[in-house]
Amino acid sequence: MPLHRERGVEVTVNHDGWLVLRGGHTGKAHFYPPPYTVAWISLQRWGGDPHLATDEIAAMWQEDRSETFTAVEKWLAELRTAGLIRDDLI
Numbered sequence: 022m023p024l025h026r027e028r029g030v031e032v033t034v035n036h037d038g039w040l041v042l043r044g045g046h047t048g049k050a051h052f053y054p055p056p057y058t059v060a061w062i063s064l065q066r067w068g069g070d071p072h073l074a075t076d077e078i079a080a081m082w083q084e085d086r087s088e089t090f091t092a093v094e095k096w097l098a099e100l101r102t103a104g105l106i107r108d109d110l111i
């Protein structure tokens, strides 16, 4: 299921590579270290598909795909709870 930013969420990458997501409704900033920036970019490259993004990340870092997917899904659950992303039904 593709993922998309919630309306009004602002995305920036600061000078040292940290991903900053600012909630559209709350204005609260959420900061994530550079590996999450890579994950965010991969999600954008693959149209919000976490499976394809995980494949890319695991191959790039030569990590176990299953463990990488588990880590990505945990992070995405945090983003959903914070109201930063949503799942779009096809």
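My numbering runs 21 ahead of the 1-based position in the sequence shown.
Ideal Cβ placement from N, Cα and C applies to all residues, glycine included.
Assigned secondary structure, residue i (DSSP; H/G/I helix, E/B strand, else coil)
i: Glu31; result: strand
i: Ala92; result: helix
i: Ala50; result: strand
Alpha-carbon spacing of residue i relative to residue j, whole angstroms
i: Ala50; j: Asp109; result: 23 Å
i: Leu73; j: Pro23; result: 10 Å
i: Gly38; j: Ser63; result: 15 Å
i: Arg66; j: Gly48; result: 26 Å
Span of the alpha helix (DSSP H) around residue i
i: Asp108; result: First-last for Asp108: Ile106 to Asp108, but that is the beta strand (DSSP E), not the alpha helix (DSSP H).
i: His72; result: Pro71 to Trp82
Start and end residues, beta strand (DSSP E) containing residue i
i: His25; result: Leu24 to Arg26
Contacting residues, own chain, Cβ-Cβ under 7 Å from residue i (five flanking each side not counted)
i: Gly104; result: Glu27, Gly44 and His46
i: Glu99; result: none
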